[in-house]
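Chemist: My structure is below; once you've seen it, I'll send some questions.
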Amino acid sequence: MKSKVMLKAEEVHSLEISEVTKSFNHTRVVDGISFDVEPGEIFGLIGPNGAGKTTTIRMIMDIIRPDAGRIKVFGESLSERTKDSIGYLPEERGLYKKLSVLQSLLYIASLKGVGSQQAQSRASELLERVGMLAHKNKKNEELSRGMSQIVQFLTAIIHEPRLIILDEPFANLDPINTELIKEIIFEQRGQEKSIILSTHRMNEIEELCDRVFMINKGRGVLYGELSEIKSRYRRNSVFLEYEGELGELKGIASRRDHRGSTELILDKTTTPRAVLEELMRRGLKINRYEVSTPPLNDIFLQVVGEASE
Amino acid sequence: MKPVNKTYLIFRHEFLNTVKRTGFIILTLALPVLGFLGIGVYQLVTSIIEPPVAEEVTIGYVDDSGEFDRYTRQGYITLLRFDTPDEATQALVKGDIEEYIIVPSDYSSTGVISRYTLEKQVETPPSIYSAIKKFITYNLLAEKVPLDIVNLVESPLALVTTRLTETGAVAPEQGGYGNVIIPGIFSFLLAFSIIFSSNYMLSGLVEEKEDRLIEVLLSSVSARQLLTGKILALGAAGLIQVAIWLASLPLLLSLVSSTLGGFFSTIQLPGNFIVLGIVYFVLGYLLFVVIAAGVGAISTNTREGSQLITIFTLPIFIPLWFSSLLFIFPDSPIWVFLAIFPITAPVEVMLRLGVTDVPTWQLAASIFTMVVSIVGVLLITIRVFRTYLLMYGKRPGLGKVLSMALKG
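Rendered as structure tokens:
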């Protein structure tokens with residue numbers, strides 16, 4: 461019996477969204493989207509402005525209700541209990557100006573069902589971790605924008621949620637604080653927690669996320685592992701840095717010279733491996749040979765562009 | 012994890028935040044403090060300033076009828092006879108007299124007396140009027156009727172009214188101004204408390220909206236828990252405020268009574284006042300705070316919210332503006348309408364309880380319309396709350412709010 465329960469727990473998704481739809485004033489803002497988020501992964505929720513990301517997140521948080529479809533958090537339908545197991549850093553966020561840093565953390569923790577003593581020790585631990593323990597009695601209105609944002613981030617994780625939703629967590633942060641928050645995000649993933657990251661910065665998604673779901677005009681347009689998606693959108697070209705004379709090569713449709721490197725676009729008759737072997741045979745000194753994968757940003761632009769055509 | 016009542020957490024947070032506000036503390040203490048201060052200043056002033064000694068005033072008179080030559084001394088006013096109007100005018104111009112009157116020869120048939128003065132006045136000062144009237148009356152009647160009858164005629168009518176019940180017994184509630192004092196003060200305090208509570212609700216919500224806290228809160232608690240916690244917290248704070256005001260009233264009134272005399276000993280409380288006072292406080296408070304929550308949800312900033320809420324809170328004072336008319340015409344249908352119309356009902360009913368008997372059907376109709384309004388506004392507010400609380404920077408029109416509230 462025990463092993464059955466454990467097995468079931470392992471199978472449960474942290475978040476399961478099935479065919480969810482939401483309209484405002486007869487406009488379909490979210491249109492039948494489905495995706496899952498697993499324990500111990502950082503999941504990117506991406507899309508252009510107005511694509512339906514915030515509406516989706518608000519439906520996960522039970523702030524607004526879907527018109528159709530099903531949302532489950534750790535296998536349960538949305539309820540007060542599921543709210544307590546989620547940590548949420550909204551894009552539009554703030555703190556009570558007149559409260560102190562500690563009071564803010566304790567109040568939000570209490571609303572998430574954390575007992576007073578536990579909240580106290582957790583708050584001290586987190587403030588220590590981000591180097592803000594000395595500021596715990598400062599009023600929020602006295603904090604710098606960056607510090608205030610760190611406190612907001614801490615309110616999202618003070619109750620040790622198993623699912624963390626972060627909407628633009630790095631906006632307005634300096635590089636040092638950005639690295640600090642990234643470190644904490646990785647720590648949370650290491651503890652088998654699920655993190656949903658919504659941001660416009662594709663380099664952050666590439667750096668942090670294991671899988672992504674892209675939404676455009678309310679519809680899911682990309683979903684899967686980041687490496688698989690990048691491979692799907694590969695341009696069939698290689699980057700080459702070399703010394704000597706390249707000459708003519710079979711199977712090369714065209715070539716582009718970039719600063720310090722050359723991109724060879726292959727036709728369908730050859731492969732990157734065959735081209736490398738030919739270059740080696742010619743005795744060319746090769747400093748870099750890289751099969752090109754398009755940056756996520758290019759994929760994003762391509763997918764959004766295709767959708768609007 | 013031990014389950015926590017989130018409504019209670021919101022309640023505790025909002026209650027403590029409200030009662031710690033400087034504005035709340037000042038307002039709560041202002042009434043008793045200002046009352047004690049006023050009485051203290053009055054007592055201080057009356058103890059150090061001696062009552063003014065009335066100056067001697069001389070009024071000239073020209074008597075063409077030949078009937079007025081006695082009783083020329085009326086208190087500090089002396090009436091000095093002149094033979095002709097010219098002599099009186101000269102004396103007036105020289106400053107020997109303050110003014111003069113001419114009693115014409117046909118006074119007994121016309122009853123008209125002419126008065127001449129250098130002062131610009133709206134009407135004859137009461138002391139002068141009274142002195143002239145007594146001078147005329149005593150001269151006309153003194154030799155024709157006994158002097159005590161003349162005194163009786165001159166004195167104001169002392170009318171002692173006793174209210175009887177339908178069985179003919181003396182009614183426990185006698186009416187009069189003594190009966191209006193507590194309801195009057197209570198309705199005034201009620202209006203203020205309701206306005207301040209709705210403003211606290213409004214500013215709290217708009218601040219949370221402006222500070223972008225609403226989404227954080229709604230990700231932890233439901234809109235219903237947030238609204239209920241806030242309503243109960245502000246209600247408790249408002250109740251404490253009114254309780255402090257009412258608790259200070261007996262002390263203030265006894266001080267005033269000892270200072271200003273016996274009138275305040277006639278103060279009576281209408282029979283069902285305490286029960287109805289609590290009922291109307293709770294209903295009035297709920298109605299306006301729920302309206303304020305709806306207004307807060309659709310307002311984009313504090314200024315806009317304050318302007319919108321004024322449309323609803325200003326009519327609370329209508330019964331107080333017209334209270335003098337209520338005393339004169341207590342049974343006008345206008346008061347019945349104001350007692351049943353939910354926005355004016357709390358204050359109007361409290362006032363009318365002091366002035367007259369409010370029929371049971373009117374109380375029932377009034378409570379019914381208030382309860383229906385509260386439920387209606389609450390349903391609209393809950394729908395509006397979830398949708399518009401998260402919309403920053405754009406306020407929906409009234410038509411849109413209503414159509415959304417009706418469609419759900």
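Here the protein sequences come in this chain order: V and R.
Residue numbers for the first sequence follow the working numbering, so the first one is 461 and each next one is one higher.
Residue numbers for the second sequence follow the working numbering, so the first one is 12 and each next one is one higher.
Ideal Cβ placement from N, Cα and C applies to all residues, glycine included.
This one's a predicted model, so the numbers in the text were calculated from it and none came from an experiment.
So is K220(R) buried or exposed if we call it buried at 16+ other beta carbons inside 10 Å?
Modeler: buried
Chemist: Which partner residues does H718(V) have in the DSSP bridge list?
Modeler: For H718(V), DSSP records a beta bridge to S721(V).
Chemist: For V104(R), report the span of its alpha helix (DSSP H) as first-last.
Modeler: For V104(R), the uninterrupted alpha helix (DSSP H) segment begins and ends at 96-105.
Chemist: Go ahead and pull the three-state DSSP assignment for S463(V).
Modeler: In this prediction, S463(V) has a pLDDT of 38, which is less than 50 and means its spatial position is unreliable; what the coordinates show is noted afterwards. Of the three classes helix, strand and coil, the one that applies to S463(V) here is helix, per DSSP.
Chemist: According to the neighbour-count rule (16 or more other Cβ atoms, all chains shown, within 10 Å of its Cβ), is S474(V) buried or exposed?
Modeler: buried
Chemist: Kindly identify the DSSP beta-bridge partner or partners of R488(V).
Modeler: S483(V)
Chemist: If I'm right that I113(R) touches V73(R) with Cβ under 8 Å, what's the distance once you round it to whole angstroms?
Modeler: 5 Å
Chemist: Say whether chain R places a C-beta atom closer than 8 Å to the C-beta of I477(V).
Modeler: no
Chemist: Please list the residues of the stretch 192-226 of chain R that have a C-beta atom closer than 9 Å to any C-beta atom in chain V, keeping them in chain order.
Modeler: E218, E219, E221, D222, R223, L224, I225, E226
Chemist: Suppose contacts are defined by Cβ-Cβ distances below 8 Å. Is L549(V) in contact with D627(V) by that definition?
Modeler: yes
Chemist: Under 9 Å Cβ-Cβ, which residues of chain V neighbour L20(R)?
Modeler: Y567, S570, L571
Chemist: Got a sec: is the Cβ-Cβ distance from M740(V) to anything in chain R below 8 Å?
Modeler: no
Chemist: Buried or exposed: where does F379(R) fall if 16 or more other Cβ atoms within 10 Å of its Cβ makes it buried?
Modeler: exposed
Chemist: What is the DSSP secondary structure of V528(V), reduced to helix, strand or coil?
Modeler: It should be pointed out that residue 528(V) corresponds to Ala in this sequence rather than to Val. Of the three classes helix, strand and coil, the one that applies to A528(V) here is strand, per DSSP.
Chemist: I need the boundaries of the beta strand (DSSP E) containing R679(V), first residue and last residue.
Modeler: 679-685
Chemist: List, in chain order, every chain V residue whose beta-carbon is nearer than 8 Å to that of L229(R).
Modeler: M521, I523
Chemist: Specify the secondary structure class of N747(V) as computed by DSSP and reduced to three states.
Modeler: Judged by DSSP in its simplified three-state form, N747(V) adopts strand.
Chemist: Got a sec, what are the start and stop residues for the beta strand (DSSP E) G504(V) sits in?
Modeler: 502-506
Chemist: Using a Cβ-Cβ distance cut-off of 8 Å, determine whether P732(V) contacts chain R.
Modeler: no
Chemist: In whole angstroms, what separates the C-alpha of R582(V) from that of L562(V)?
Modeler: 11 Å
Chemist: State whether the stretch 27-35 of chain R contacts the stretch 727-742 of chain V, with contact taken as three or more CB pairs (one from each stretch) at a distance under 8 Å.
Modeler: no
Chemist: Distance check for R748(V) and L603(V), CA to CA, integer angstroms please.
Modeler: 48 Å
Chemist: Report the option in I617(V), F630(V), P635(V) whose CA atom is closest to the CA atom of E647(V).
Modeler: I617(V)
Chemist: Short check: CB of S259(R) to CB of L42(R), under 8 Å?
Modeler: yes
Chemist: Figure out for me which residue from I345(R), F340(R), L349(R) has the closest Cα to the Cα of I327(R).
Modeler: With distances taken between Cα atoms, I327(R) lies closest to L349(R).
Chemist: In or out: F484(V) buried (at least 16 other Cβ within 10 Å) or exposed?
Modeler: exposed
Chemist: Just to check my reading of the structure: V611(V) and L559(V) have Cβ atoms closer than 8 Å, yes? What is that Cβ distance to the nearest angstrom?
Modeler: Their Cβ separation, rounded to whole angstroms, is 10 Å, which puts V611(V) and L559(V) out of contact at 8 Å.
Chemist: Could you tell me whether any Cβ in chain V is nearer than 8 Å to the Cβ of L390(R)?
Modeler: no
Chemist: At a Cβ threshold of 8 Å, is K241(R) touching chain V?
Modeler: no
Chemist: Kindly identify the DSSP beta-bridge partner or partners of E588(V).
Modeler: BP columns for E588(V) are empty, so no partner.
Chemist: Would A469(V) pass as an interface residue toward chain R - the criterion being a Cβ-Cβ separation below 8 Å?
Modeler: In this prediction, A469(V) has a pLDDT of 47, which is less than 50 and means its spatial position is unreliable; nothing more can be read from the coordinates.
Chemist: Using the rule of at least 16 other Cβ atoms within 10 Å of the residue's Cβ for burial, across every protein chain shown, is G765(V) buried or exposed?
Modeler: exposed
Chemist: Select from L319(R), E315(R), L362(R) the residue whose C-alpha is nearest the C-alpha of L336(R).
Modeler: Checked all of L319(R), E315(R), L362(R); the closest Cα to L336(R) is L362(R).
Chemist: Please classify N162(R): is it buried, with 16 or more other beta-carbons within 10 angstroms of its beta-carbon, or exposed?
Modeler: exposed
Chemist: Can you pull the DSSP bridge partners for K599(V)?
Modeler: S560(V)
Chemist: For V156(R), does the three-state DSSP call read helix, strand or coil?
Modeler: Coil, per DSSP.
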